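Offset between the sequence shown (1-based) and the numbering used here: plus 6. Heads up, the thing below is written out as C-alpha cells.
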Amino acid sequence: KTERIVAKPFEAFSNVIDDELRSIGDRSKPDWDERKLFVPTPFRSLNHFIRGFRYGTLTLLGARPSHGKTTFAINCMVGAVQRGVKTLLISIEMRREEIAQKVISYTGGIHIGNIIQASRMGMPEMTSMAEAVNTNRDDWSNNLAVDDESSTPTEVLRAINWGASEGYRYIIIDHLHELTFEDRRTNISLAESMGNFVKQLRNVAKRDNLSVLALAQLNREVEKRASRHPIMSDLGETGTLERAAYNILFLYRDEVYNPSSQRKGECDVVVAKARNSGTGILTLDFDGATNTFSDQE
7 KTERIVAKPF EAFSNVIDDE LRSIGDRSKP DWDERKLFVP TPFRSLNHFI
57 RGFRYGTLTL LGARPSHGKT TFAINCMVGA VQRGVKTLLI SIEMRREEIA
107 QKVISYTGGI HIGNIIQASR MGMPEMTSMA EAVNTNRDDW SNNLAVDDES
157 STPTEVLRAI NWGASEGYRY IIIDHLHELT FEDRRTNISL AESMGNFVKQ
207 LRNVAKRDNL SVLALAQLNR EVEKRASRHP IMSDLGETGT LERAAYNILF
257 LYRDEVYNPS SQRKGECDVV VAKARNSGTG ILTLDFDGAT NTFSDQE
C-alpha cells in the first residue's frame with residue numbers, strides 16, 4: 007500500500023524572515039512596481055486610501071440596490087485589464103450580454119439606453135463604439151474572461167480554480183447574495199452558509215495569491231437610520247463577512263433616496279475597513295447613463 011506524501015505545512019520562521027527581507031529590498035528600489043502587490047484601482051482618490059486591491063486577500067464591496075455596485079466593479083475590471091492584469095468576472099446576477107453592454111457603454115462613453123435600443127444610435131456613437139472595441143480588443147482577448155453560468159458556491163470555487171490555473175489573478179464576483187446554496191443542510195442557517203463560503207473565498211485568495219473582489223447586498227437596516235451611509239453591521243451574516251475581508255468598501259448615492267438631492271451625479275465611497283491603510287469617505291462623480299465612476303476635479 008502506497009502512502010500519499012503530504013507537504014509539510016510549516017516552515018522555519020528564519021526562512022520566512024529572509025524571504026520578507028528580500029521582498030523589502032525589492033520594494034525599496036525606485037523602479038519597483040506597486041502592481042506586483044496590488045491590483046490598481048482606476049480612482050486616484052481611492053488609491054490614496056487603499057493603494058489597490060491587494061493580492062492574497064478578499065475585498066468586499068457592499069451597497070443597497072441601485073447604488074452602482076456592478077458599475078463600480080466594471081470600472082475597476084476595465085482599469086485592471088488595461089493595465090495587463092488577467093481578470094475573471096463571475097456574474098451570478100447578469101447575463102454576459104448585459105455585461106458587454108455596460109462595458110461598451112463605459113469604454114465608449116455611450117448612453118446605455120442607446121446600446122440596448124441600437125436603432126437610436128447615431129453615427130458618432132457607432133464610431134465611438136467601434137473605436138472602443140478596437141482599442142480594447144487585445145486586452146479583452148488576453149486578459150479578460152466572463153463566467154455567467156456559475157451560480158452555487160461549488161461552481162464559483164471551481165471557476166476560480168480554473169481561472170487561477172490559467173493565470174487569472176483578479177477575481178470579481180457579482181454578487182454574493184445571488185448565490186444558490188442548494189446543498190445547505192437544514193441545521194445550518196443561510197447566514198452561516200454565506201459566512202462559511204466567504205471564509206473559503208478568503209482562503210483561496212490567500213492560497214493562490216489572488217485578489218478577490220466580492221460584491222454584496224446590504225440589509226434593509228441601513229434604510230431605517232437617519233444617516234443612510236452604510237456601516238459594517240449592515241453586511242449582516244453574523245459578522246463573518248467583516249472579519250474575513252481585508253478591505254470593505256460601501257457605496258452610497260444620496261439621490262437614490264432623495265430625488266431632489268443637491269448631490270445628483272455623486273457617489274460616496276465609504277472605506278469602512280482597510281488593513282494597514284486609512285479609513286474614511288471619498289466622493290466620486292457618477293454617470294449612470296454611461297456606466298462611469300470618475301475622480302472629481
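All C-beta atoms in this analysis are idealised placements derived from N, C-alpha and C, irrespective of residue type, glycine included. If you're wondering where the values come from, they're calculated on a predicted model, not measured in any experiment.
Query	Result
Using only the alpha-carbon positions, how far apart do residue 179 and residue 279 sit?	19 Å
Can you tell me whether DSSP reads residue 188 as helix, strand or coil?	coil
Can residue 289 and residue 277 be called in contact, C-beta distance under 7 Å?	no
Nearest-angstrom Cα distance between residue 34 and residue 245?	37 Å
With burial defined as no fewer than 16 other Cβ atoms inside 10 Å of the residue's Cβ, what is the status of residue 248: buried or exposed?	buried
Since residue 304 contacts residue 174 with CB under 8 Å, what's their CB separation in whole angstroms?	The structure shown has nothing for residue 304, since the chain only spans 7 to 303.
Under three-state DSSP, which class holds residue 118?	helix
Given that a residue counts as buried once 16 or more other Cβ atoms are within 10 Å of its Cβ, and exposed if not, what is residue 240?	buried
Could you check the C-alpha separation between residue 225 and residue 268 for me, to the nearest Å?	26 Å
Below 8 Å on the Cβ atoms is my guess for residue 61 versus residue 216; work out the distance and round it to an integer in Å.	7 Å
For the segment 204-281, which segments carrying the alpha helix (DSSP H) assignment without a break, of at least 4 residues, lie completely within its bounds, in sequence order?	246-250 and 260-263
My parser needs the alpha helix (DSSP H) runs of 4 or more residues fully inside the segment 96-155; what are they?	102-114, 118-122 and 129-149
For residue 298, which beta-bridge partners are listed by DSSP?	293
Going by beta carbon distance, what residues of the same chain come within less than 6 Å of residue 77, once the five residues before and after it are set aside?	297
If you draw a straight line from the alpha carbon of residue 47 to that of residue 69, how long is it in whole angstroms?	18 Å
Can residue 121 and residue 134 be called in contact, C-beta distance under 7 Å?	no
Would you mind sorting residue 223 into buried or exposed? The rule is 16 or more other CB atoms within 10 Å of its CB.	buried
Distance cutoff 7 Å, beta carbons only. Does residue 174 sit that close to anything in chain E?	Included in the structure is just one protein chain, with no chain E present.
Alpha carbons only, please: which of 237, 143 and 40 is nearest the one belonging to residue 275?	237
Closer than 8 Å is the cut-off here; do at least three beta carbon pairs connect the segment 96-109 with the segment 198-211?	no
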